[in-house]
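Colleague:
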Amino acid sequence: RTLARAQFVRFTTPYIIVQPTIAIHRINVSVYEVDLNDPVASLNRTADTVAEPEGNAYVTIARDIFPAVELVELDSWGSVYQAVLDRDVTFALRSEVGVANFLFENKEQQINLQTIPLDEPRYEDPLAMAVHPDDVHLLHWLNVYIQDVHGTITGQDLLEQYAEYYE
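Following our numbering, the numbering of the sequence shown begins with 251 at its first residue and continues without gaps.
Right under this line is the structure:
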């Protein structure tokens, strides 16, 4: 959900809430003096660039959380991760599920990439379905469905549910 999108659609109750997670090369943690107890403040002071895919909702999230850091928009998540691993950018920001999937698919990069979850409630990223503003009945039906099936879960709940997949 974003405020810009909410001008054109109605959103359901979130079906999952994920935490934005910093993906940073381990060397950059030292170079940019990242304080793991307050990574947002330290990166806003020291980081040069944060990378995101063009048009992705995380462009807005990164701008909101890191207003002092230059945003670099690349063509895909693959390009973003490559820029982080090549240290062409300081870091990237993505949901903990997206980062977990990348590390699962690229196990050899686990040694190079450090992840720092932003687990404060103010950084939560609620994912919801969008419906046409006139489809009020569909909106209500989807909200009932979400509540009846499992309610709103977290990204960690999802990762735990599929833990066997990641082994």
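All C-beta atoms in this analysis are idealised placements derived from N, C-alpha and C, irrespective of residue type, glycine included. Everything numeric in this text was worked out from a predicted model, so none of it was measured.
Measuring CA to CA, which of 368, 346, 325, 268 is closest to residue 287?
Modeller: Mapped onto the sequence shown, residue 287 falls at position 37. Of the candidates 368, 346, 325, 268, the one whose C-alpha sits nearest the C-alpha of residue 287 is 368.
Colleague: Between the segment 394-407 and the segment 297-308, are three or more C-beta pairs nearer than 8 Å?
Modeller: No: fewer than three Cβ pairs fall under 8 Å.
Colleague: Considering only residues of the same chain and omitting the five flanking positions on each side of residue 266, which have a CB-CB separation below 6 Å?
Modeller: In the sequence shown, counting from the first residue as 1, residue 266 sits at position 16. Cβ neighbours of residue 266 beyond the five flanking positions: 377, 403.
Colleague: Output the boundary residues of the alpha helix (DSSP H) element that contains residue 290.
Modeller: Taking the first residue of the sequence shown as 1, we reach residue 290 at position 40. Note, residue 290: alpha helix (DSSP H), 289-296.
Colleague: With burial defined as no fewer than 16 other Cβ atoms inside 10 Å of the residue's Cβ, what is the status of residue 277: buried or exposed?
Modeller: Start at 1 with the first residue of the sequence shown, and residue 277 comes out as number 27. Exposed, because fewer than 16 other Cβ atoms sit within 10 Å of the Cβ of residue 277.
Colleague: How far does the alpha helix (DSSP H) with residue 341 in it reach, from first residue to last?
Modeller: In the sequence shown, residue 341 corresponds to position 91, counting from 1. Not the alpha helix (DSSP H): residue 341 falls in the beta strand (DSSP E), residues 341-345.
Colleague: If we call anything under 8 Å between Cβ atoms a contact, is residue 297 one with residue 341?
Modeller: Stepping through the sequence shown from its first residue, residue 297 is reached at position 47. Stepping through the sequence shown from its first residue, residue 341 is reached at position 91. Their beta carbons are under 8 Å apart, which means residue 297 touches residue 341 by this criterion.
Colleague: For residue 416 and residue 315, I'd like the C-alpha separation in whole angstroms.
Modeller: Your numbering for residue 416 matches position 166 in the sequence shown. Your numbering for residue 315 matches position 65 in the sequence shown. Their Cα atoms are separated by approximately 29 Å.
Colleague: Around the Cβ of residue 282, are there at least 16 other Cβ atoms within 10 angstroms (buried) or fewer (exposed)?
Modeller: Here the question's residue 282 lines up with position 32 in the sequence shown. With 16 or more other Cβ atoms within 10 Å, it is buried.
Colleague: Determine the DSSP secondary structure at residue 314, reduced to helix, strand or coil.
Modeller: Indexing the sequence shown from 1 puts residue 314 at position 64. Helix at residue 314.
Colleague: Should the segment 345-357 be regarded as contacting the segment 256-271, the criterion being three or more beta carbon pairs within less than 8 Å?
Modeller: Segments in contact, yes.
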